[in-house]
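Chains as they are written, first to last, in the numbering used here: chain H, 1 to 478; chain P, 1001 to 1420.
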Amino acid sequence: MSEESNIASDQILPGHSGDGFVDEPPLVAGNLSFHDVTEMVSLHTEKKTPTAWLGAFALANVGLLLLGVMVAYLFWNGTGVWGLNNPVGWGYAIVNFVFWVGIGHAGTLISAILYLFRQQWRTAINRSAEAMTIFAVICALLFPGIHVGRVWVAYWMLPIPNQMEMWPQFKSPLLWDVFAVSVYFTVSLIFWYVGLVPDLATLRDRAKSGIRRRILGFLSMGWSGANRHWRNYEKAYLLLAALATPLVLSVHSVVSFDFAVSVIPGWHTTIFPPYFVAGAIFSGFAMVVTLLVVARKVYSLQNIITINHLEKMNIIILLTGTMVGFAYITEFFIAWYSGVEYEQYAFLNRATGPYAWAYWTMMTCNLVFPQFFWNKKLRRNIPFMFGLSIIVNIGMWFERFVITVTSLHRDYLPSSWDYYTPTWVDVLTLVGSFGLFFTLFLLFLRFAPMVAMAEVKLVMPESDPHYYDRAHAEPKSH
Amino acid sequence: MSNSVKTNSLSLWILDPLRPTAQYAREAFRPDGKVMAWFIPAGIGVALLVVSGVGWATNAKQFYFSYLVGWAFCLSLALGSLFFVLIHHLTKAKWSIVVRRIPEALIWSFPLLAILTIPILFGMHDLFHWTHHEIYDPASPQYDPILAGKQGYLNTTFFIIRLVVYFTAWTFIAHRLYTVSLRQDVDDDVSAGARMRKVSAVGLVLTAVTTAFASYDILMSLDPHWFSTIFGVYFFAASFLTAHALIALIVITIQRNRGLRGVITKEHFHDLGKMMFGFTVFWAYIAFSQYMLIWYGNLPEETLWYRHRLEHGWEYHSAALLVAHFIIPFWVLLPRAAKRSIPVMSFMAVWFLIMNWFDFHWIAMPVLHGDHAGFHWLDFTCWLGLFGVFLAFVMYRLGRHSLVPQNDPHLGKSLNFTNI
Chain H
1 MSEESNIASD QILPGHSGDG FVDEPPLVAG NLSFHDVTEM VSLHTEKKTP
51 TAWLGAFALA NVGLLLLGVM VAYLFWNGTG VWGLNNPVGW GYAIVNFVFW
101 VGIGHAGTLI SAILYLFRQQ WRTAINRSAE AMTIFAVICA LLFPGIHVGR
151 VWVAYWMLPI PNQMEMWPQF KSPLLWDVFA VSVYFTVSLI FWYVGLVPDL
201 ATLRDRAKSG IRRRILGFLS MGWSGANRHW RNYEKAYLLL AALATPLVLS
251 VHSVVSFDFA VSVIPGWHTT IFPPYFVAGA IFSGFAMVVT LLVVARKVYS
301 LQNIITINHL EKMNIIILLT GTMVGFAYIT EFFIAWYSGV EYEQYAFLNR
351 ATGPYAWAYW TMMTCNLVFP QFFWNKKLRR NIPFMFGLSI IVNIGMWFER
401 FVITVTSLHR DYLPSSWDYY TPTWVDVLTL VGSFGLFFTL FLLFLRFAPM
451 VAMAEVKLVM PESDPHYYDR AHAEPKSH
Chain P
1001 MSNSVKTNSL SLWILDPLRP TAQYAREAFR PDGKVMAWFI PAGIGVALLV
1051 VSGVGWATNA KQFYFSYLVG WAFCLSLALG SLFFVLIHHL TKAKWSIVVR
1101 RIPEALIWSF PLLAILTIPI LFGMHDLFHW THHEIYDPAS PQYDPILAGK
1151 QGYLNTTFFI IRLVVYFTAW TFIAHRLYTV SLRQDVDDDV SAGARMRKVS
1201 AVGLVLTAVT TAFASYDILM SLDPHWFSTI FGVYFFAASF LTAHALIALI
1251 VITIQRNRGL RGVITKEHFH DLGKMMFGFT VFWAYIAFSQ YMLIWYGNLP
1301 EETLWYRHRL EHGWEYHSAA LLVAHFIIPF WVLLPRAAKR SIPVMSFMAV
1351 WFLIMNWFDF HWIAMPVLHG DHAGFHWLDF TCWLGLFGVF LAFVMYRLGR
1401 HSLVPQNDPH LGKSLNFTNI
């Protein structure tokens, strides 16, 4: 590979601390073999459906049903059933849309950016995080779709040539959203599926029944693990990672444009794109922690998704939470510095006005609480991180609520000021969207390999072609 | 902590806080005395600064603006390097260990840069409109109610206090990172990594906050009416990108003089190139976000700043920034082969350094010459003079110590690093 020989390598004395063979804790704990990994992951797709899963699935279905009822009720009556009023034309639907798109970002960051940065620990969590991305984006896409009012012409959002020569408004960031989110969904889905192929082939080879083998055989596209297959696979994976990396930044930037291109104080500020991206990664990682803390326990995957993995995610939560907090403070400072009285009022109103409760909920959950993760004991404490991950997601939902509602409820004309209160339809639609999300996620847990087996094996020490030579020569190492 | 590495006397402290340790360096990492020709940039730098002094006598206002741009350029290199070291410690990066000594030498530039602030303090009245007293006097025809509202932040005393706070913070963080790493070369202290990580965690927060506010103070407040919340991120993006360029360039210079050959390989250049590529895109993303949102909102208090940069010839500078800071580097650095080619990498490193200066020139100069774009000879002499002195200090430091953190426990991984 390297054209020059490393003349400096012999400057390192064997056994000296610089020899580069310092033992690091292995990513996979419990001395598992390759076969153990296959068993531990595949088993859950092959065994009889557990009762607990059926219970959870039924509960999620109730939520999904609730969502269906709420959407039907909305279609029948129109958006008047929501709490929207004259200055606050965007309420829960946009809040929920941004919330769900944000959740998705962690999956793409884990699968694409951490891949490019050679963060091998990502292999244990990328499959489930990417699944979460796809399901979260589905939940997100629902909201603008039902917000349009006349849903039967929702397809007008797409630039479809028609005899009326009627086109969407290309200058509108809402249309850019349609493009950004649908591209994001497509690339995430392809990326996820490409990663799944070797694992689906593993399941196919283990399948007992003919029909199962045939379905999995179809989905694994004739994968045989041949050298050429792996070569193409690695190339496709790298290219998709490179394509998905800008998407991590672009999607939430475009979402932030929905607000920032306007001239509404509290919306129009240039830091929005990177600040939304940081917030999205923050909330997404919190959701991954919430899901995996439970999943690793229920499916006995503690040796694959180890406490070290969770700790690394918690560090990212600390980092991005602090970034988001700094962005809040920057916005506040620059609002004062701008000398624009409307800007100054908008931020003062956020902190002290009728929605101060929401503002301080957001501040506490997003800036203050993650600071507990400076403490190593707390970052490795499972009940604590579970609680904190939920607090973060509550905080991030409130961030979108604060941005959307507080900026609108008092506009330039004091005579039109109003207080926005959600209706029961708003609240139950939000609850129902969790039903949709968990229905999809439970199906994923039941039918797909929830850990990228092939990738996890690749980061185990045994995957080194010289592992067994070395193990033979020096039985101590690893 | 070992006592084998002595701290330097106070007078030389700004050059290097530690006495030389090069004698402890292993053969392949030892700096060649001749290699570190610090006196060449020093000579050129001092000569150009003397010439700039003549410019100061004839056109002080122009001198101060040119000087500020050159100084901000050097500051961005030091800050970008500080971010590099902080992030690589926190992520326990292995590939970069062999190049880490270069940014470590760069971060000890803060004491020098603090001293080089002095001319700016003398030029405050010429540089910063907000230092003028009459704009705060309601009786004066120049009274400016908007700037009067900002007086709590934009006033000379607080400005100087802030600069002191920034430089104290940066010097403190740099001192810890620099000395702990160099001491490890000699005493082989295994706890050094953990200690540097600890400093880096707090240091990253501190550096991020101070960098953002420093960018508001030094560059954004040149046009005191204008404001942009993303400005700190813009300054960070430019700094971090250019730091990679300078690191690559210094490595190439050392290798041309037969140092570090076979230690830093194409594999490491490939990674530096990837970071340069990634961050030129990131810079463009931030620059686009700032421009697009302000253009779309079209609020007079914000668009005016871009208006000044889109007329009287500055529109060519704006277009050049887009083409030369983003589009050309994007296509040049995209292929894998380019990032592994030393000629391409050295060309692009110089390119990015020039573009960073051009970027800061574009930010600062329309404040002075709103009515006609272009360059003054002082722009070049101040910039290259300051950069020469800055570089001389860096090369001098590099010549006194091992060129690689030779006792880093993961050095072997970095030496044998290959891209897949």
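Just so it is clear, CB atoms sit at the ideal spot from N, CA and C, and this is done for glycine as well. Just so we're clear, the structure is a prediction, and the values are computed from it rather than from any experiment.
Check: Same chain only: Cβ atoms within 6 Å of Ser128 (chain H), ignoring 5 sequence neighbours per side; Outcome: Met450
Check: C-alpha distance - Tyr237 (chain H) paired with Thr202 (chain H), whole-angstrom precision; Outcome: 18 Å
Check: Residues of its chain near Ala280 (chain H), where Cβ-Cβ distance is below 6 Å and the 5 sequence neighbours each way are ignored; Outcome: Gly102, His105, His252
Check: Contact check, Phe191 (chain H) vs Glu234 (chain H), beta carbons under 8 Å; Outcome: no
Check: Lys1006 (chain P) versus Ile1342 (chain P): straight-line alpha-carbon distance, rounded; Outcome: 37 Å
Check: Collapsed DSSP secondary structure at Thr423 (chain H) in the structure displayed; Outcome: coil
Check: Residue burial classification, Leu54 (chain H) (beta-carbon count within 10 angstroms, cutoff 16); Outcome: exposed
Check: Cβ-based contacts, 7 Å cut-off: residues of the region 1164-1183 of chain P near chain H; Outcome: none
Check: Inter-residue spacing [alpha-carbon to alpha-carbon] between Gly91 (chain H) and Leu66 (chain H); Outcome: 19 Å
Check: As assigned by DSSP and simplified to three states, the class of Leu1015 (chain P); Outcome: coil
Check: C-beta neighbour in chain H for Gly994 (chain P), strict 8 Å; Outcome: With chain P covering 1001 to 1420 only, the question about residue 994 (chain P) has no answer from this structure.
Check: Burial state of Lys476 (chain H) (16 or more Cβ within 10 Å); Outcome: Note that Lys476 (chain H) has pLDDT 47, beneath the 50 cutoff, so the model's placement of it is unreliable and no number is given.
Check: Check whether Ser1109 (chain P) and Cys1074 (chain P) have beta carbons under 8 Å apart; Outcome: yes
Check: Where Tyr337 (chain H) meets chain P, residues with beta-carbon distance less than 7 Å; Outcome: Lys1150, Tyr1153, Phe1227
Check: Within-8 Å CB hit, Tyr467 (chain H) to chain P; Outcome: no
Check: Distance between Leu142 (chain H) and Tyr275 (chain H) (C-alpha atoms, nearest Å); Outcome: 24 Å
Check: Short CB-CB distance (under 8 Å) between Glu462 (chain H) and chain P; Outcome: no
Check: Residue burial classification, Gly225 (chain H) (beta-carbon count within 10 angstroms, cutoff 16); Outcome: exposed
Check: Which residues DSSP lists as bridging Ile1118 (chain P), in chain order; Outcome: In DSSP, Ile1118 (chain P) forms no bridge with anything.
Check: Alpha carbon of Gly1123 (chain P) to alpha carbon of Asp1144 (chain P), nearest angstrom; Outcome: 21 Å
Check: Spatial neighbours of Asn314 (chain H) in its chain, beta-carbon cut-off 6 Å, leaving aside the 5 residues before and after; Outcome: Phe373, Arg379, Met385
Check: Thr269 (chain H) at chain P interface by Cβ criterion, 8 Å; Outcome: yes
Check: At least 3 beta-carbon pairs within less than 8 Å: the region 444-458 of chain H vs the region 301-320 of chain H; Outcome: yes
Check: Supposed close pair Phe1269 (chain P), Ala1248 (chain P) - CB separation, criterion 8 Å; Outcome: 7 Å
Check: Own chain residues within Cβ distance below 8 Å of Pro14 (chain H), not counting five before or after; Outcome: Caution is warranted here: a pLDDT of 43 is assigned to Pro14 (chain H), below 50, making its placement in the model unreliable, and no coordinate value can be reported.
Check: Which listed residue (P:Glu1315, P:Ala1194, P:Leu1219, P:Ile1014) has its alpha carbon closest to that of Ala1364 (chain P); Outcome: P:Leu1219
Check: DSSP-derived helix/strand/coil call for Arg1309 (chain P); Outcome: coil
Check: Which of helix, strand or coil DSSP assigns to Arg1030 (chain P); Outcome: coil
Check: Beta-carbon contacts of Ser1002 (chain P) that lie in its chain and below 8 Å, excluding the five residues immediately before and after; Outcome: Residue placement at Ser1002 (chain P) is flagged as unreliable, the pLDDT there being 46, under the threshold of 50; the coordinate-derived value follows with that caveat. Arg1183, Val1186, Asp1187, Asp1189, listed in sequence order.
Check: Neighbourhood of Tyr355 (chain H) by C-beta, 6 Å cutoff - its chain only, sequence neighbours within 5 removed; Outcome: Thr406
Check: C-beta atoms of His1293 (chain P) and Ala260 (chain H) nearer than 8 Å; Outcome: Before going on, a small fix: residue 1293 (chain P) reads as Leu here, not His. Contact: yes.
Check: Below-8 Å beta-carbon distance, Phe326 (chain H) vs any chain P residue; Outcome: yes
Check: Check whether Leu1353 (chain P) and Ala1243 (chain P) have beta carbons under 8 Å apart; Outcome: no
Check: Where Ile138 (chain H) falls: helix, strand or coil (DSSP); Outcome: helix
Check: Per-residue burial, Ala1349 (chain P) [other beta carbons within 10 Å of its own, 16 or more giving buried]; Outcome: buried
Check: Strand pairing of Arg122 (chain H), partner residues [DSSP]; Outcome: DSSP output for Arg122 (chain H) lists no bridge partner at all.
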